[in-house]
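Residue numbers (my numbering), protein chains in the order written: chain A, 1 to 543; chain B, 1 to 543.
Cβ coordinates follow ideal geometry from the N, Cα and C atoms, glycine included.
Every value quoted in this text rests on a predicted model; they were computed, and no experiment measured them.
Each remark here refers to the structure printed beneath this line.
Protein chains: 2
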Amino acid sequence: MKILITGGFGFLGQRLCKRILEIGELVGVNDETCAVSRVVLFDCSQPPPDLPTDSRVTFTKGDITDAGQCKNLVDEDNMLVFHLASVMSGQGEADFDLCWKVNLEGTRNLMEACRARKGSRFIFASSGACYGERAPGPELDSMKLLPQTSYGMTKACCELMINDYARRGFLDGRVARLPTVIPRPDINSGLPAAFSAVIRESLFGRDATLVVRPDLRHAVCGFRVLVRNLLHLAQLPEAALAGSSDRCMNMPSLSVTLLDLHQAVKKVVRDPAKLGRITFEPDEALSAKLSTFHNDMDATRARSLGLVGDSSAEAIAADFVAEYVDESLLKPVVELEEEPRHWLTLSNPYLRVFRVENPPGDQTLMHRHRGNSLYFFFENTRTQGQKLSEAFLDDAVSCGEIRYGDHASCNLVHRIRTKGPRVMCCLDVEFTASDCKPEGGSEGPDAKRARTEPPAIAGLSLIKERPTARVYSLEVPAGGSWQGALPFERMLWIVHRGARVSGGLGDSFLQPADVFFREGPQQLSLEVLGGQRSLALWLVELL
Amino acid sequence: MKILITGGFGFLGQRLCKRILEIGELVGVNDETCAVSRVVLFDCSQPPPDLPTDSRVTFTKGDITDAGQCKNLVDEDNMLVFHLASVMSGQGEADFDLCWKVNLEGTRNLMEACRARKGSRFIFASSGACYGERAPGPELDSMKLLPQTSYGMTKACCELMINDYARRGFLDGRVARLPTVIPRPDINSGLPAAFSAVIRESLFGRDATLVVRPDLRHAVCGFRVLVRNLLHLAQLPEAALAGSSDRCMNMPSLSVTLLDLHQAVKKVVRDPAKLGRITFEPDEALSAKLSTFHNDMDATRARSLGLVGDSSAEAIAADFVAEYVDESLLKPVVELEEEPRHWLTLSNPYLRVFRVENPPGDQTLMHRHRGNSLYFFFENTRTQGQKLSEAFLDDAVSCGEIRYGDHASCNLVHRIRTKGPRVMCCLDVEFTASDCKPEGGSEGPDAKRARTEPPAIAGLSLIKERPTARVYSLEVPAGGSWQGALPFERMLWIVHRGARVSGGLGDSFLQPADVFFREGPQQLSLEVLGGQRSLALWLVELL
């Protein structure tokens, strides 16, 4: 598979390229997995000094406003194009014509080049700046886009164009409406630049004066999550996007203030006294303009498609320290929700579910597990684990494997490194300790519920039993259906192998690692649509 | 004032030009009224044979996709541009590239030409086809635009562009999101063409087979109302558009089916047997595509700005008969709500308010007034009136004049012709006959409520008293305020001279002929903002 990344010399382009090379293969047209044969980085600026030396990567300096160059870039069928190149918000306000030429005409040049080929998949970075003037409350995918910058206007136009190109079958377009990706290691000029600076400058020990109101709420996400989500979006089966003619969706984000981020940095470093000093001299006009950007982007649709968000501002800060400053500045052990590769995807009084994906060569920060946990694995790969003050030990995980960790009595503090050949992909289901149950006053710390025998339900096989949970497996063949009475008080459904379904888990395309929580005994029926994919589920009964 | 109309050889362009010439002057930049010095009709097609011969009109055949030609067209400051030229929906689906080039690049060429001049006012015809996929129910201005045709996509992009050009002060843009304008006298090719054909073909005595589902609901408006609204939108003071960064709004419309229109035609003609026969052979694919267009456009904002809608499908049909077929085919007298120059703007169990505007040279159809009515006039002009079977008699009305007609006992059947020099502009307030009161079972036909004395309220002057109503006048100076206790059971406020206000009539820019209905005794306060305009109101007490 040949991949094109525009804005390829920029921060996001570089991160995306690195991750693609680590993974080495991607799912593309017809849901076929293909090895990455070539990654073309295209940009109008000078290449940075530390470009990747991988033989699969080529570099092209050029101008996206030149339609001929775009045609040359998309010179094969079935290419995957990540279009990240853009004039940013501040520059767009300063130079309308450039903003139009690059963001709108440039995007169209590239789309036309894709249209001239078969099977192009086109991933576009839109922006929460599209929202602009709107009612208070979270920004929803279904809301009208009424941008208040030329940058946002061009992005909103591109969203409309891509939907139409996709509708007509000119290309397979998918649009990620981005929150502000932070922290950028370079000093950048967009309106939301302060949301990077508040982390970056203090960590590099530089004093900084920020001109945005410290209490202004803004939707942000960490670079790792964004890169992962762009790749996830690019690899979604076309069937997962059916059912809506809108190819554009908000990416998951955190709604934070500059003060929140400043506090998060202090919380993850070993010695807050060594941080650069942050002072605020808010520019009211700039703050007002920025407040028309995304404050709190709702990403319900994206999350239902397997896209993930940072668990906390601390995770974003910690990731930056480890990647761009000096890991030794961090406190020695971070909490699970502060670890930047653990993405909280479900949380309720009974459990927390984290999604973890580590490409080969990558490793987590040293982190602490405090609760008893089930681990569900989705890939065959080799890893290495290191407990605090011990050496790395080799390990291997396999697709479908389930492990249990009894961490409530003795916390697990460790880090994991992926050796390969594939991404380490798992779900961590952490059970809230039984002595911390927030409800049911009559249950004291030592109260134990009477254990019932596992029920016999046709189709369900009990495959694991531990003090906090039982795990059953269920398989439904392609075109088949299943129904059963489930007597459980609380249960978690986890998708092992996905398919298009209708019934009790919604009318949707289920993908591996999708998670559903249900309460109360219920009758559940499931129909697996289509004749090709069978469905495999795990049902976790909470005890 | 120099005016440019693109698409000027088309049906709407021709109607608009005709009306502009009749009026002869328009309100433009700085709310100054200027004589129309030149109307340039620009189009890419061959000029029709019956172009206006007025010396103020010039014709230019050209291509809007040529930026240089656009620059030549906008060759003065303070021009008023009506941009109607467009590739329509059906053609856009057939030829995407042409649709993009004309609708998007062409519009931008023209906007750039406006930007290069000072004080350009840019009126753009967008379309309800912008809505596309959406939740059931009426289309609101505040809804997301998710078009399902390339035509709709380009229109939605232009809306975004115009908002941004207006925000940056490049031009004063105003966007009319059009329902389907019917009936077009020529055979046209857009997806909604059947909504014209159902009227046109039967009236010309031609049999027709329509391929749209007869029960498909669609938002339409008559050509007269649309032309009037485009001119009203163009002349709105800038202050009336403040308070929202969205320059785009739905035009008022009727939500009708082809069957509704077919019935309406039968109702207004003298002899339905002479109509051409309409048969339906619905194409489900076309009907499905059309159902993504506007079904029921909500125009609350436009109506609050003085834009009007057709009173009925019958009015649309009757107007077409009189203008394009043969007035003698009509039944001899139409009802008030069937008369195409009477626009119902308020209706409740107690009264109906019609707005009437007749330019010089125009005349109403012969119509019937059945209820006692107050008439409020807003311009000085001369008219002629003709009662059924009588001769035309000269008359004159003056701005601020109020008349009363006692039509319940003896219907008034008449028609009015405007001689000039100005548009005849009035509000007809028709009172529901007291023996038809829908509420209060104890009031028989002969029951009369005890007449109270008119209350003495500081600032209010009683200027007219009739059996059904008393009219008071109220003036509030610029920068001043007024408040009073109003003991009336039901009242109608009518704006005589407008101003920006806050208080009991909303925070808005009031314009002459704006109407507000209020029930129950209340305390009302009004503040007139700004130092230039004083406010003059009429208060109608319903007896």
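Note on B:N348: under 16 other CB atoms within 10 angstroms of its CB, so exposed under the neighbour-count rule. Using a Cβ-Cβ cut-off of 8 Å, A:K144 is close to S142, M143, K144, L145 of chain B, given in chain order. At least one CB atom of chain A sits nearer than 8 Å to the CB of B:E133. Around the C-beta of A:T53, fewer than 16 other C-beta atoms lie within 10 Å, and the residue is accordingly described as exposed. Taking the beta carbon of B:Q148 as reference, the chain A residues within 8 Å of it are R167, S245, listed in sequence order.
Between the C-alpha atoms of A:L236 and B:S244 there is a straight-line separation of about 39 Å.
Closer than 8 Å to the CB of B:D164 there is at least one CB belonging to chain A. Look at A:R174 here: in three-state DSSP terms it is strand.
Every unbroken stretch of the beta strand (DSSP E) spanning 3 or more residues and falling wholly within the region 48 to 98 of chain A is given here in chain order: 57 to 61, 80 to 83.
A:D63 places its beta carbon less than 8 Å from that of A:C44. At a cut-off of 8 Å, the C-beta of A:A302 has no neighbouring C-beta in chain B. Remark: C-beta atoms of B:R247 and B:R303 do not approach each other more closely than 8 Å.
Collapsing the DSSP output to three states places B:E453 in coil. Along the region 87 to 98 of chain A, going in chain order, the ones with a CB nearer than 8 Å to a CB of chain B are F96. A:Y375 has A:R403, A:D428 as its beta-bridge partners, per DSSP. A contact is defined here as three or more CB-CB pairs under 8 Å, and the region 399 to 419 of chain A meets this definition with respect to the region 355 to 370 of chain A. Annotation: Cβ neighbours of B:A156 in chain A (cutoff 7 Å, chain order): L160.
Among the residues of chain A, those whose CB is under 8 Å from the CB of B:M153 are L160, M161, N163, D164, following chain order.
Nearest in C-alpha terms to A:P147, of all of A:L160, A:E25, A:A129, A:P136, is A:A129.
Burial of B:K144 is indicated by the presence of at least 16 other C-beta atoms within 10 angstroms of its C-beta. Taking the Cα positions, A:A208 is about 22 Å away from A:S255. Here A:G520 is exposed. Its C-beta has fewer than 16 other C-beta atoms within 10 Å.
The beta-carbon separation of B:S287 and B:V212, rounded to 5 Å, stays under the 8 Å limit for a contact.
DSSP places A:T279 within a strand segment (E or B) once states are collapsed to three.
In summary, B:A94 is exposed, with fewer than 16 beta-carbon neighbours lying within 10 Å of its beta-carbon over all protein chains present. Rounded to whole angstroms, the gap between the alpha carbons of B:E139 and B:L226 is 18 Å. The beta carbon of B:W100 sits closer than 8 Å to those of S150, T154, all from its chain and outside the five residues before and after it, given in chain order. Within the DSSP bridge table, the entry for B:G503 names B:L526 as partners. Under the Cβ criterion (8 Å, minimum of three pairs), the region 453 to 470 of chain A does not count as touching the region 525 to 533 of chain A. Contact check for B:A219 and B:N163: beta-carbon distance about 22 Å, past the 8 Å limit, so the pair fails to qualify. Boundaries of the alpha helix (DSSP H) around B:G152: 150 to 167.
Secondary structure at A:I187: coil, using DSSP grouped into helix, strand and coil. Following the DSSP letters along the chain, one finds B:H414 inside the beta strand (DSSP E) bounded by residues 412 to 420.
Residue environment: B:D310 is assigned as buried (16 or more neighbouring CB atoms within 10 Å of its CB, all protein chains considered). The beta carbon of B:M297 sits closer than 6 Å to the beta carbons of G128, E139, P179, A219, N250, S253 from its chain, once the five residues preceding and following it are set aside; these are given in chain order.
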